[in-house]
Amino acid sequence: MLDKSGNFIAFFTENEEKDLGVTFESNLRFEKHINDIYDKAQRVLSFIHHSFDNMDQDRFLTINKSIVRPLLEYATCVWSPYLKKDYTNWNLYKEGPQKW
Numbered sequence: 000m001l002d003k004s005g006n007f008i009a010f011f012t013e014n015e016e017k018d019l020g021v022t023f024e025s026n027l028r029f030e031k032h033i034n035d036i037y038d039k040a041q042r043v044l045s046f047i048h049h050s051f052d053n054m055d056q057d058r059f060l061t062i063n064k065s066i067v068r069p070l071l072e073y074a075t076c077v078w079s080p081y082l083k084k085d086y087t088n089w090n091l092y093k094e095g096p097q098k099w
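Rendered as structure tokens:
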């Protein structure tokens with residue numbers, strides 16, 4: 000929309016936009032996206048862990064690699080974790096499945 004002097008007027012501004020499953024922030028940091036996918040992966044891991052009473056490590060790793068890892072690795076070429084704090088979440092995920 001234009002005002003009387005012909006300048007563009009924005010109705011509202013967004014701090015983030017989600018496109019193809021990747022949350023883009025206005026500062027292009029991807030913190031929210033990384034936290035969201037990490038939380039989703041943790042929920043799925045927890046569901047898998049609590050759904051099966053007796054699961055050997057090989058079966059768990061197979062399920063983990065086929066279901067959970069794709070959630071985390073989707074579009075990494077776009078949001079590549081280049082900050083140290085982003086790598087912290089990734090390392091926590093990698094250490095988590097071995098604890099079970």
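Residue numbers for the sequence shown follow numbering that gives the first Met the number 0, beginning at 0 and rising by one. Backbone N, C-alpha and C define an ideal beta-carbon position, used for all residues, glycine too.
In this structure the stretch 39 to 46 does not touch the stretch 5 to 25; the number of beta carbon pairs closer than 8 Å is below three. By the Cβ-count criterion, V77 is exposed, with fewer than 16 other Cβ atoms from all chains shown falling within 10 Å of its own Cβ. Note on F29: 16 or more other CB atoms within 10 angstroms of its CB, so buried under the neighbour-count rule.
The DSSP-derived three-state label of F23 is strand. The shortest CA-to-CA distance from K39 to any of G5, V67, D52, F59 is the one to V67. Judged by beta-carbon spacing, L70 lies within the 8 Å limit of I36, meaning their Cβ atoms are closer than that value. Note on geometry: alpha-carbon atoms of F7 and N34 lie some 35 Å from one another.
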